[in-house]
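Residue numbers (the UniProt record's numbering): 48 to 319.
We put the CB at the ideal spot given by N, CA and C, even for glycine.
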Ligand code: ADP
């Protein structure tokens, strides 16, 4: 097959998008979407920064819920679809806004998922970019692993991805899959900004002290990063308040600034 004739349309639509970050994980449930949402809230806390989030987890969209806008819908205008605005400067596109109910399953093969992802980039009026608006950060939340969705996004954003952040937990089973993610990025020519270790310890709800529950049995993400020559961007402990903030669709960093997890998030975000 020849080059995709829609690629110039995607490039045109995204011409005013500066940084394009992929958020990846080898396994599900490691906290990738949580990280994406909190990163988005944190970047958008500067009101001069325009942030867009694309949820390309077509079969398991969770961002509408954890960003507190599950009941919204995407609307069409003469410039294409409008994203859902979570804040004035924070917008989200997700298939979750198009499903008839929260329980509705999306049972699609690769080509149909690819078509949807292409529409998310080509047909969405990102921050009015058609009229000279801009996006400073476009965060792409991906499904776990390396599947159709990953191939699509890499092809559609060909050569323009600023970098990938890989989220993992400290256990060896998760780290094994991180190696595959790293291999994918290297083969696909996607720069890796670094690895985030999530759930690396536990913050006690009563004393707010942190226990490293998975250590010292494994070297965790630090050893993996050292071995592969990648930056470890930081380690975020488990804090039950993160789950609560996400279920309520709110920014954990705003509501629990005193948590060691919030500090870890903040330290990571300044590196991106
Ligand atoms: P993924 O996107 O990798 O599948 P999620 O972001 O949906 O994972 O996170 C899975 C669950 O773990 C969610 O309920 C989320 O609230 C919770 N979670 C993620 N990170 C933390 C953390 N550091 N502390 C406490 N709960 C967390």
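- Assigned exposure category for residue 312 - 16 Cβ within 10 Å defines buried: With 16 or more other Cβ atoms within 10 Å, it is buried.
- Task: Less than 8 Å between the CB atoms is what I'm expecting for residue 103 and residue 188, so what's the real figure, rounded?
- Result: About 7 Å separates the two Cβ atoms, so the contact holds.
- Query: Is any heavy atom in the ligand ADP found nearer than 8 Å to the beta carbon of residue 101?
  - Reply: When distances are taken from the beta-carbon of residue 101 to the heavy atoms of the ligand ADP, even the shortest one reaches 8 Å or more.
- Item | Between the CA atoms of residue 151 and residue 274 - distance to the nearest angstrom | Take the alpha-carbon of residue 274 and the one of residue 151: they are about 42 Å apart.
- Can you give me the Cβ contacts of residue 185 inside the same chain, cut-off strictly under 6 Å, excluding the 5 residues immediately before and after it? The beta carbon of residue 185 sits closer than 6 Å to those of 64, 67 and 99, all from its chain and outside the five residues before and after it, given in chain order.
- Task: Can you have a look at residue 304 and say buried or exposed, based on whether 16 or more other CB atoms are within 10 angstroms of its CB?
- Result: Its Cβ having fewer than 16 others within 10 Å, residue 304 is exposed.
- What separation, rounded to the nearest whole angstrom, lies between the Cα atoms of residue 192 and residue 180? Taking the Cα positions, residue 192 is about 33 Å away from residue 180.
- Query: Is it buried or exposed for residue 197, if we count other Cβ within 10 angstroms and need 16 for buried?
  - Reply: Per the 10 Å Cβ criterion, buried.
- Message: What would DSSP say about residue 187, mapped onto helix, strand or coil?
- Response: Residue 187 falls in the strand class under three-state DSSP.
- Message: Could you tell me which whole alpha helix (DSSP H) segments of length 4 or greater appear in the stretch 190–261?
- Response: Taken in chain order, the whole alpha helix (DSSP H) runs of length 4 or more contained in the stretch 190–261 are 195–203 and 219–235.
- Item | Beta-carbon proximity check, residue 121 vs residue 133, cutoff 9 Å | No.
- Task: State yes or no: is the C-beta of residue 203 within less than 9 Å of the C-beta of residue 142?
- Result: Taking 9 Å as the Cβ cut-off, residue 203 and residue 142 do not qualify as a contacting pair.
- Assign residue 153 to one of three DSSP states: helix, strand, or coil. Reduced to three states, the DSSP call for residue 153 is coil.
- Message: In whole angstroms, give me the CA-to-CA distance for residue 207 and residue 240.
- Response: Those two C-alpha atoms are separated by around 14 Å.
- Any idea what DSSP makes of residue 283, helix, strand or coil? In the three-state reduction of the DSSP assignment, residue 283 falls in the strand class.
- Residues that residue 171 bridges to, as DSSP identifies them: Answer by DSSP bridge pairing, in chain order: 128.
- Query: Nearest to residue 89 by CA position, among 299, 118 and 166, is which residue?
  - Reply: 299 is the residue among 299, 118 and 166 whose C-alpha sits nearest the C-alpha of residue 89.
- Taking only beta-carbon positions, decide if residue 129 is within less than 9 Å of chain B. Absent from the structure: chain B. Only one protein chain is present.
- Message: DSSP three-state label for residue 67, please.
- Response: The answer is strand: DSSP assigns residue 67 an E or B state.
- Message: For the ligand ADP, is there any heavy atom lying closer than 8 Å to the beta carbon of residue 89?
- Response: Because no heavy atom of the ligand ADP lies under 8 Å away, the Cβ of residue 89 does not count as near it: no.
- Three-state secondary structure (DSSP) of residue 182: Residue state, collapsed to three classes: strand.
- Message: Could you compute how far the alpha carbon of residue 254 sits from the alpha carbon of residue 246?
- Response: Going by the C-alpha atoms only, they are around 18 Å apart.
- Query: What three-state label does DSSP hand residue 317 in the structure shown?
  - Reply: In this structure, residue 317 counts as coil in the three-state DSSP scheme.
- Taking the alpha-carbon positions, what's the residue 49 to residue 237 distance? Those two C-alpha atoms are separated by around 22 Å.
- Task: In angstroms with no decimal places, state the Cα-to-Cα distance between residue 233 and residue 71.
- Result: Just so you know, the alpha carbons of residue 233 and residue 71 end up roughly 13 Å apart.
- Message: Less than 9 Å between the C-beta atoms of residue 213 and residue 201, yes or no?
- Response: Contact: no.
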